[in-house]
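First up is the structure itself, then whatever we jot down about it.
Protein chains in written order, with the numbering used here: chain A, 1 to 407; chain B, 408 to 814.
Below, the structure written as structure tokens:
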């Protein structure tokens, strides 16, 4: 059995026309007008495929095949995008899963276990933290965050939900309708350069790294830059600059392979002639090892404090998000390798530096991921693309793996 | 002869009530509604004092005493403020000058040379660069800057002038009505901590430092912070952090007493999970020596380029403002010292790290400045203050110096 590749390609093209942004790429955050249109389109496709369609309280969309007694084999990803994102991140996973279930249904293939497609809400974290949908699905959401957290659009979640059929209460109860899941598979673009550099069409993920996000501030004293001697300043920005360089050097030299990033910076009051009195910034680090995550947390924040005290500044921070690294179970890695060998496609092990719904599902099921190359490593950008022949290989591997798991 | 201190204090209190900002301090940028009110108030005071009042095309306000043939002895400062500024920066100079001329007029004192009070427009540079008024007065303004430059309020100057009697043409022609100036004196708050630390009520400025303002950018490549290894990144923010630390260290160790500051920073795209692709920032340096300014310019920008090439980034910059350092002529320093000795007030030489209209006037006349202490060094802030007894000493010194110069 093989997927119908032209049909899959046509689906991806169709979905990729919903939410086109005049400023480039696709802007389709969950519960936006474009997302509601995409949801309606996906539900119709699921029904056309003869799958039983269900939407839970968090807006996660499911398409189920088979009424067997066993635990469910799930395949999924997401159809929301970042602002000015690409048309492949997430969508290729949902639509490849749809195509797999559609082919199995068409062939009338008898399965021992039910198969279910999942499209998870707000994987991209445009609302309140990443993975709203999959976190709701496993029942790991915090009521206070949903009620008080501000979305990336500066409005509370409640206000954004007001235009939809969803509610905070519904999101918090979504996990109650979850079937028991035995295994979860997700096909995704790599979002990095490794597979393309190695010229290998399939990556079998062995590890999804953990991440730790904080919003931090150095606080000093704003003063006149013409009259305050360098040695008397409490320059909050220089504290940040020092921390940026030292934390990067520390991770690069002591924890090769881990990541540290300062992506967003606000310097106040922010003018010529004024020594910065406060510097706010996003700070994140990632690692594939739980132990390393915990060493990084203690070492990096103690470095931040040391710099503050050396420079006469205060350092404060609050946690924004934290996910643990997830090791993919060997039985799923072996199964994917075996099926890939049978198909004759080259493959290699890869680590996922980005977070994925699979990471969240891992607390309730065995979860695994298949990556296909991201040309030039580009993602979260209008320039994001794929090579269609890679997707065809990846989707056929997904199909074979699902058949194995459900048989 | 002495100033009428209670009258001066009353004037400062009255002017300090115009432009009170609900967010703190005074917001009275030139040509704002508050500034127009302050201008009307000042013109009335000048007329009440029996001085001949004149306003030039740049909105500089003058009060003239005496019709003698000699070159004019001028005393001045400014009444505009930064946003949420204090009530003493500038105002104490204009109103002390007014008080001096008013006393001389009252006494019917015969002068050999005309005396003129000046209140210069937009010393604070809320419009298009610092010192609009004094630059117009000496004829050193660029037509293109006035026509194309954006003001701090994001609107073109022309639009701001539309609500007033002033025009760009008028500003450019203001210098044509300038009398010949022999000497210019300005009393100002120190805006720094030196006089207070040394517990000396009078500073006689020996030098006004030069400054160089640029708007700069490091340009790299935005990429996913979870999937781009540290060694493959072109992180524009790390370039800026490196430049901030190295440029500060270079100036602190090789050019002690000079200043370097990064006050405003924009990092783009500016989000968790994204390695910064571009970092824009204000960069300024200051020195009392022309030679040092030129060494700093060449060394600092070559450092900026070196960091760019080491880190695989591009560095670009454009000049925003540049003023040369000004040495105060010894004859005025000697005269101020002599009068201060006669009055019995302690004094010390000080360098002005901030820019002042006196610096601009220096190209057309001998220019000197008297500083009084700024408690805690605070200025450009609602917390800016003075000790009234220091002002009384400074204003009496100003009076004696003007009498000497005009006799």
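Ideal Cβ placement from N, Cα and C applies to all residues, glycine included.
As the structure is a computational prediction, the values presented were derived from the model and not from experiment.
Report task. Check each residue of the segment 659–691 of chain B: if its Cβ is closer than 7 Å to any Cβ of chain A, include it; give the result in chain order. Result -> Residues 659, 666, 668, 669, 670, 671, 672, 674, 677, 678, 679, 680, 681, 682, 683, 689 and 691.
Query - When B:704, B:670 and B:628 are compared against residue 683 (chain B), the one with the closest alpha-carbon - result: Here the question's residue 683 (chain B) lines up with position 276 in the second chain. B:628 is the residue among B:704, B:670 and B:628 whose C-alpha sits nearest the C-alpha of residue 683 (chain B).
Query raised in the report: For residue 272 (chain A), which of B:681, B:674 and B:690 has the nearest alpha-carbon?
Result: As a first step, residue 272 (chain A) is located in the first chain; it is residue number 272 there, counting from the start. The shortest C-alpha separation from residue 272 (chain A) is found at B:690.
Query raised in the report: Are residue 413 (chain A) and residue 324 (chain A) touching if we call contact CB-CB under 8 Å?
Result: No answer is possible for residue 413 (chain A): the residues shown for chain A start at 1 and end at 407.
Query raised in the report: Under 8 Å between the Cβ atoms of residue 116 (chain A) and residue 62 (chain A)?
Result: Taking the first chain and counting its residues from 1, one reaches residue 116 (chain A) at position 116. Taking the first chain and counting its residues from 1, one reaches residue 62 (chain A) at position 62. Taking C-beta atoms as the reference points, residue 116 (chain A) and residue 62 (chain A) count as a pair closer than 8 Å.
Query raised in the report: Straight-line CA distance for residue 790 (chain B) to residue 509 (chain B)?
Result: Numbered from 1 along the second chain, position 383 holds the residue referred to as residue 790 (chain B). Numbered from 1 along the second chain, position 102 holds the residue referred to as residue 509 (chain B). When rounded, the distance between both Cα atoms is 30 Å.
Requested in this report: Could you work out which residues of chain D lie near residue 699 (chain B), taking near to mean beta carbons separated by less than 7 Å?
Outcome: Checking the listed chains, one finds no chain D in this structure; the protein chains it contains are A and B.
Query raised in the report: Does the beta carbon of residue 627 (chain B) sit closer than 8 Å to a beta carbon anywhere in chain A?
Result: Looking up residue 627 (chain B) in the second chain gives position 220. By this cut-off, residue 627 (chain B) is not an interface position.
Query raised in the report: For residue 171 (chain A), which three-state DSSP category applies?
Result: By one-based count along the first chain, residue 171 (chain A) stands at place 171. Assignment of residue 171 (chain A) by DSSP, reduced to helix, strand and coil, places it in the helix class.
Requested in this report: Whole angstroms is fine: what's the gap from residue 235 (chain A)'s alpha carbon to residue 710 (chain B)'s?
Outcome: Along the first chain, one-based indexing puts residue 235 (chain A) at 235. Along the second chain, one-based indexing puts residue 710 (chain B) at 303. Rounded to the nearest angstrom, the two C-alpha atoms are 21 Å apart.
Query raised in the report: Going along the chain, which residues of the segment 593–607 of chain B sit with their C-beta nearer than 9 Å to a C-beta in chain A?
Result: Listed in chain order, the positions of the segment 593–607 of chain B with a beta carbon within less than 9 Å of a beta carbon of chain A are 597, 598, 599, 600 and 601.
Query raised in the report: Given a limit of 9 Å on CB to CB distance, which residues of the segment 634–647 of chain B reach chain A?
Result: Taking 9 Å as the Cβ-Cβ cut-off, the segment 634–647 of chain B approaches chain A at 634, 635, 636, 637, 638, 639, 640, 642, 644, 645 and 647, given in chain order.
Query - Simplified DSSP assignment, three categories, for residue 628 (chain B) - result: On the second chain, position 221 is the one that residue 628 (chain B) refers to. In the structure shown, residue 628 (chain B) falls within a strand segment according to DSSP collapsed to helix, strand and coil.
Query raised in the report: Using a beta-carbon distance below 8 Å, is residue 323 (chain A) in contact with chain B?
Result: Within the first chain, numbered from 1, the residue matching residue 323 (chain A) stands at position 323. For residue 323 (chain A), the answer is no, since every Cβ of chain B falls outside 8 Å of its Cβ.
Query raised in the report: residue 306 (chain A) CB to nearest chain B CB: under 8 Å?
Result: Translated into positions along the first chain, residue 306 (chain A) becomes position 306. So no, residue 306 (chain A) is outside the interface.
Query - chain B residues whose Cβ lies nearer than 8 Å to that of residue 209 (chain A) - result: Numbered from 1 along the first chain, position 209 holds the residue referred to as residue 209 (chain A). Chain-order list of chain B residues neighbouring residue 209 (chain A): 633, by C-beta distance under 8 Å.
Query raised in the report: Would residue 190 (chain A) pass as a contact of residue 372 (chain A) if the rule is Cβ separation under 8 Å?
Result: Sequence index remark: in the first chain, residue 190 (chain A) carries index 190 (1-based). Sequence index remark: in the first chain, residue 372 (chain A) carries index 372 (1-based). With contacts defined by Cβ atoms closer than 8 Å, residue 190 (chain A) and residue 372 (chain A) form a contacting pair.
Query raised in the report: Would you say residue 802 (chain B) and residue 526 (chain B) are within 8 Å of each other, going by their C-beta atoms?
Result: If you number the second chain from 1, residue 802 (chain B) lands on position 395. If you number the second chain from 1, residue 526 (chain B) lands on position 119. Cβ distance not < 8 Å, so residue 802 (chain B) and residue 526 (chain B) don't count as in contact.
Query raised in the report: Taking 8 Å as the CB-CB cut-off, is residue 311 (chain A) touching chain B?
Result: Residue numbering aside, residue 311 (chain A) sits at position 311 when the first chain is read from its first letter. So, not an interface residue.
**Report entry** Backbone secondary structure at residue 22 (chain A) - three-state DSSP
**Finding:** For this step, residue 22 (chain A) is matched to residue 22 along the first chain. Reduced to three states, the DSSP call for residue 22 (chain A) is coil.
Report task. Check residue 683 (chain B) in the structure and name its three-state DSSP category. Result -> As a working mapping, residue 683 (chain B) is identified with position 276 in the second chain. In this structure, DSSP gives residue 683 (chain B) a state outside helix and strand, which the three-state scheme calls coil.
Report task. Going by DSSP, name the residue or residues bridged to residue 776 (chain B). Result -> Counted from its first residue, the second chain places residue 776 (chain B) at position 369. The partner list for residue 776 (chain B) (beta bridge, DSSP) reads B:593.
Requested in this report: Provide the residue(s) that pair with residue 647 (chain B) in DSSP beta bridges, ordered along the chain.
Outcome: Indexing the second chain from 1 puts residue 647 (chain B) at position 240. According to DSSP, residue 647 (chain B) bridges with nothing at all.
Requested in this report: Could you confirm whether any beta carbon from chain A is found closer than 8 Å to the beta carbon of residue 432 (chain B)?
Outcome: Here residue 432 (chain B) refers to the residue found at position 25 of the second chain. Cβ-Cβ to chain A under 8 Å: no for residue 432 (chain B).
Query - Interface flag, residue 529 (chain B) vs chain A, CB-CB below 8 Å - result: For the purposes of this step, residue 529 (chain B) is identified with residue 122 of the second chain, where counting begins at 1. Put simply, the CB of residue 529 (chain B) is far from chain A, with every gap to its CB atoms at 8 Å or more.
Query raised in the report: Going straight from the alpha carbon of residue 87 (chain A) to that of residue 19 (chain A), what length do you get?
Result: As a working note, residue 87 (chain A) is residue 87 in the first chain. As a working note, residue 19 (chain A) is residue 19 in the first chain. So the two alpha carbons sit approximately 10 Å from each other.
Query - Ranges of the beta strand (DSSP E) found wholly within the segment 15–86 of chain A, counting only runs of at least 3 - result: Segments of the beta strand (DSSP E) lying fully in the segment 15–86 of chain A: 52–55, 61–65 and 72–77.
Query raised in the report: If you check the beta carbons only, do residue 72 (chain A) and residue 180 (chain A) fall under 8 Å apart?
Result: Indexing the first chain from 1 puts residue 72 (chain A) at position 72. Indexing the first chain from 1 puts residue 180 (chain A) at position 180. The answer is yes: Cβ separation under 8 Å.
Query - Alpha-carbon spacing of residue 379 (chain B) relative to residue 458 (chain B), whole angstroms - result: There is simply no residue 379 (chain B) to check, as chain B begins at 408 and stops at 814 in what is shown.
Report task. Inspect the CB distances between the segment 622–641 of chain B and the segment 547–556 of chain B and report whether three or more fall short of 8 Å. Result -> Output reads no: the segment 547–556 of chain B does not touch the segment 622–641 of chain B.
Requested in this report: Verify the CB distance criterion: does residue 829 (chain B) have a CB-CB separation below 8 Å to chain A?
Outcome: Given a span of 408 to 814 for chain B in the structure shown, any question on residue 829 (chain B) remains unanswerable.
Query raised in the report: Are the C-beta atoms of residue 245 (chain A) and some chain B residue less than 8 Å apart?
Result: Residue mapping note: residue 245 (chain A) aligns to position 245 of the first chain, counting from 1. Yes, because at least one Cβ of chain B sits closer than 8 Å to the Cβ of residue 245 (chain A).
Query - Anticipated Cβ contact below 8 Å, residue 500 (chain B) with residue 483 (chain B), distance rounded - result: Here residue 500 (chain B) corresponds to residue number 93 of the second chain, with the count starting at 1. Here residue 483 (chain B) corresponds to residue number 76 of the second chain, with the count starting at 1. With 8 Å as the limit, residue 500 (chain B) and residue 483 (chain B) qualify as a contact, their Cβ atoms being about 7 Å apart.
Query raised in the report: Could you check where the alpha helix (DSSP H) with residue 755 (chain B) kicks off and where it finishes?
Result: Here residue 755 (chain B) refers to the residue found at position 348 of the second chain. Element bounds for residue 755 (chain B): not the alpha helix (DSSP H) but the beta strand (DSSP E), 754–759.
Query - Span separating the alpha-carbon of residue 415 (chain B) from that of residue 578 (chain B) - result: Residue mapping note: residue 415 (chain B) aligns to position 8 of the second chain, counting from 1. Residue mapping note: residue 578 (chain B) aligns to position 171 of the second chain, counting from 1. Their backbone Cα atoms lie some 30 Å apart in a straight line.
Query - Limits of the alpha helix (DSSP H) - the one that residue 715 (chain B) falls within - result: Against the second chain, residue 715 (chain B) aligns to sequence position 308. From DSSP, the alpha helix (DSSP H) with residue 715 (chain B) extends over 697–717.
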